[in-house]
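Asker: Before I ask anything, here is the structure I am working with.
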Amino acid sequence: MYQRSDIKEGMVVRSIDGEKLGKVFAVGESEFHIEKGLFFPKDYLVRYSEVSRIDGSEIILSHGKEALSRLTDEDRTGAIAGTGGGAGVGPGAVGMGADRTAARASTGMDATSDTVGRKGTYDTGYDTRLGTDARSGAGTDTAVGTRGIHGREEDVTIPLHREEVDVLKRDVQAGEVRVHKDVVEEDREVDVPVRRERVRVERRDVSPGRPAMNASFQEETVVVPLRAEEVEVQKRAVVDEEVVIHKDEVDEQRHISEHVRREEVDIRTEGEEPARTLNAPSDDPLKRGY
124 MYQRSDIKEG
134 MVVRSIDGEK
144 LGKVFAVGES
154 EFHIEKGLFF
164 PKDYLVRYSE
174 VSRIDGSEII
184 LSHGKEALSR
194 LTDEDRTGAI
204 AGTGGGAGVG
214 PGAVGMGADR
224 TAARASTGMD
234 ATSDTVGRKG
244 TYDTGYDTRL
254 GTDARSGAGT
264 DTAVGTRGIH
274 GREEDVTIPL
284 HREEVDVLKR
294 DVQAGEVRVH
304 KDVVEEDREV
314 DVPVRRERVR
324 VERRDVSPGR
334 PAMNASFQEE
344 TVVVPLRAEE
354 VEVQKRAVVD
364 EEVVIHKDEV
374 DEQRHISEHV
384 RREEVDIRTE
394 GEEPARTLNA
404 PSDDPLKRGY
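For the sequence shown, this note's numbering begins at 124 and goes up steadily by one.
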């Protein structure tokens, strides 16, 4: 079983299923106290027998969150106050005395044993281990004195984020125009006048008694050539028409829709205080200062 020397303040405590239960803020002889929450913290008591194992700075319990024991006001003021021998400091240094309980109850602020003058769990870096002047009437040395609780307060600022839409334009190729030429064949008919020679033979009478010149009385064939015009077709390319492609810029309106995210804060209280949110009316005390 683990002992007091194995547990240190500030160690993270997790359940058997890995859920974070809080941090150790006080160590006693047979148990230690853990604290969970930011605005309205809860205190729980854990015995050493409930520790399953320790992994570095994390304490793993042997059960879940539902088996934790809630710390009462009586336990908070006297269970481990003044037990002594805590984490390398003097007797009672790790106990939680009446000063811390009264301060938390009156201010609603979380004052752990290693910080002072803070709201929530925001560390201010002050030395909280005051001397005998800041001790309570119980006679034990508390880790948080009255000066730290009622002194300077610090606000915890939680930033809220949202997404905005920025519209940028860039040139892209939206399409293209292709002009394709096809060769179309067709028959063209043209009437062309041509000439040719033909033979016409005539026989006619001559004057009687006309003398014959160079009569040889021989067989003879006379050849008369006939001529005609033939049609020869020649083709040549000419420009029939032109196609001109021109680009114009056209302005148009484009509607863009996009989902954006934003963060909202919901502040909830426990106990008899009613739940409040930042959506409450403007006179809500939680919204004071905004």
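Heads up, the beta-carbon is just placed ideally off N, CA and C, and yes, glycines get one too.
Find the nearest neighbour of arginine 170 within the set Gly160, Glu154, Leu191, judged by alpha-carbon distance.
Answerer: Stepping through the sequence shown from its first residue, residue 170 is reached at position 47. Taking only the C-alpha atoms, the option nearest arginine 170 is Glu154.
Asker: What is the DSSP secondary structure of glycine 248, counted as helix, strand or coil?
Answerer: Looking up residue 248 in the sequence shown gives position 125. Because glycine 248 sits at a pLDDT of 40, beneath the cut-off of 50, its placement in the model cannot be relied upon, and the following sentence gives the value as read from the coordinates. Residue state, collapsed to three classes: coil.
Asker: Considering only C-alpha positions, which residue in the set Asp140, Glu152, Val329 is nearest to glutamine 126?
Answerer: Translated into the one-based positions of the sequence shown, residue 126 becomes position 3. The option with the nearest alpha carbon to glutamine 126 is Glu152.
Asker: List the DSSP bridge partners of alanine 338.
Answerer: Residue mapping note: residue 338 aligns to position 215 of the sequence shown, counting from 1. For alanine 338, which the question treats as bridged, DSSP gives no partner whatsoever.
Asker: From lysine 292 to valine 366, what distance separates their C-alpha atoms?
Answerer: Residue 292 sits at position 169 when you count from the first residue of the sequence shown. Residue 366 sits at position 243 when you count from the first residue of the sequence shown. Approximately 33 Å between the Cα atoms of the pair.
Asker: Could you say which of Arg176, Val322, Val317 lies nearest to glutamate 353 if we only look at CA atoms?
Answerer: Translated into positions along the sequence shown, residue 353 becomes position 230. Taking only the C-alpha atoms, the option nearest glutamate 353 is Val317.
Asker: Can you check whether the CB of valine 383 is closer than 8 Å to the CB of glutamate 286?
Answerer: Numbered from its first residue, the sequence shown carries residue 286 at position 163. Numbered from its first residue, the sequence shown carries residue 383 at position 260. The answer is yes: Cβ separation under 8 Å.
Asker: Please state the DSSP three-state secondary structure of glutamate 154.
Answerer: If you number the sequence shown from 1, residue 154 lands on position 31. Glutamate 154 falls in the strand class under three-state DSSP.
Asker: Span of the beta strand (DSSP E) holding serine 175?
Answerer: Indexing the sequence shown from 1 puts residue 175 at position 52. Where serine 175 is concerned, the enclosing beta strand (DSSP E) stretches over 174-178.
Asker: Between Leu349, Gln341, Arg326, Arg301, which has its C-alpha nearest arginine 319's C-alpha?
Answerer: Residue mapping note: residue 319 aligns to position 196 of the sequence shown, counting from 1. Ranking the options by Cα distance to arginine 319, first place goes to Leu349.
Asker: Starting from valine 108 and walking both ways along the beta strand (DSSP E), at which residues does that stretch end?
Answerer: There is no way to answer for residue 108, as the model of the chain reaches only from 124 to 413.
Asker: Hey, lysine 146 and isoleucine 130: beta-carbon distance below 8 Å or not?
Answerer: Position 23 of the sequence shown, counted from the first residue, corresponds to residue 146. Position 7 of the sequence shown, counted from the first residue, corresponds to residue 130. No, they are not a contact pair.
Asker: Beta carbon of serine 172, beta carbon of methionine 124: below 8 Å?
Answerer: Reading the sequence shown from its first residue, position 49 is the one you call residue 172. Reading the sequence shown from its first residue, position 1 is the one you call residue 124. Closer than 8 Å, so yes.
Asker: Would you mind giving the Cβ-Cβ distance between glutamate 142 and lysine 188, rounded to the nearest angstrom? I have them listed as a contact below 8 Å.
Answerer: If you number the sequence shown from 1, residue 142 lands on position 19. If you number the sequence shown from 1, residue 188 lands on position 65. Their Cβ separation, rounded to whole angstroms, is 6 Å, which keeps glutamate 142 and lysine 188 in contact under 8 Å.
Asker: Distance, Cα to Cα, alanine 225 vs aspartate 166?
Answerer: The count along the sequence shown starts at 1 and reaches residue 225 at position 102. The count along the sequence shown starts at 1 and reaches residue 166 at position 43. Since pLDDT at alanine 225 reaches only 40, below the 50 mark, its modelled position is unreliable, and the value read off the structure follows with that caveat. Looking at the two C-alpha atoms, the distance is approximately 15 Å.
Asker: Give the straight-line distance between the Cα atoms of valine 361 and glutamate 308, rounded to the nearest whole angstrom.
Answerer: Start at 1 with the first residue of the sequence shown, and residue 361 comes out as number 238. Start at 1 with the first residue of the sequence shown, and residue 308 comes out as number 185. Cα to Cα, the separation comes out at about 15 Å.
Asker: Under the DSSP definition of a beta bridge, which residues are partnered with alanine 149?
Answerer: The residue you call residue 149 lines up with position 26 of the sequence shown. Answer is His156.
Asker: For alanine 149, is the classification buried or exposed, using 16 other Cβ atoms within 10 angstroms of its Cβ as the cut-off for buried?
Answerer: Position 26 of the sequence shown, counted from the start, is the residue given in the question as residue 149. It counts as buried.
Asker: When DSSP labels each residue in this structure, what does serine 128 get in the three-state scheme?
Answerer: Here the question's residue 128 lines up with position 5 in the sequence shown. The answer is helix: DSSP assigns serine 128 an H, G or I state.
Asker: Can you give the beta carbon distance from methionine 134 to serine 175, rounded, assuming they're within the 8 Å contact cut?
Answerer: Looking up residue 134 in the sequence shown gives position 11. Looking up residue 175 in the sequence shown gives position 52. Contact doesn't hold; Cβ gap of about 14 Å is too wide.
Asker: Helix, strand or coil for lysine 165 per DSSP?
Answerer: Indexing the sequence shown from 1 puts residue 165 at position 42. Three-state result, lysine 165: strand.
Asker: Measure the C-alpha to C-alpha separation of alanine 202 and glutamate 386 and round it to an integer number of angstroms.
Answerer: Mapped onto the sequence shown, residue 202 falls at position 79. Mapped onto the sequence shown, residue 386 falls at position 263. Any reading at alanine 202 must be qualified, since the residue scores a pLDDT of 45, below 50, and its modelled position is unreliable; the value itself is stated next. Their Cα atoms are separated by approximately 41 Å.
Asker: Please classify glutamate 283 as buried or exposed, where buried requires at least 16 other C-beta atoms within 10 Å of its C-beta.
Answerer: Looking up residue 283 in the sequence shown gives position 160. Looking at the sequence itself, residue 283 is leucine, so the reference to glutamate does not match. With fewer than 16 other Cβ atoms within 10 Å, it is exposed.
Asker: Taking the C-alpha atoms as reference points, what is the distance between arginine 391 and lysine 159?
Answerer: For the purposes of this step, residue 391 is taken as the residue at position 268 of the sequence shown. For the purposes of this step, residue 159 is taken as the residue at position 36 of the sequence shown. Distance between the alpha carbons of arginine 391 and lysine 159 is about 15 Å.
Asker: Exposed or buried, what is valine 373 when buried is set at 16 or more other beta-carbons lying within 10 Å of its beta-carbon?
Answerer: For the purposes of this step, residue 373 is taken as residue 250 along the sequence shown, with counting starting at 1. Burial call: exposed.
Asker: Could you check the C-alpha separation between valine 414 and aspartate 310 for me, to the nearest Å?
Answerer: Because the chain here runs from 124 to 413, residue 414 falls outside it and cannot be looked at.
Asker: Around the Cβ of proline 164, are there at least 16 other Cβ atoms within 10 angstroms (buried) or fewer (exposed)?
Answerer: Numbered from its first residue, the sequence shown carries residue 164 at position 41. Result: buried.
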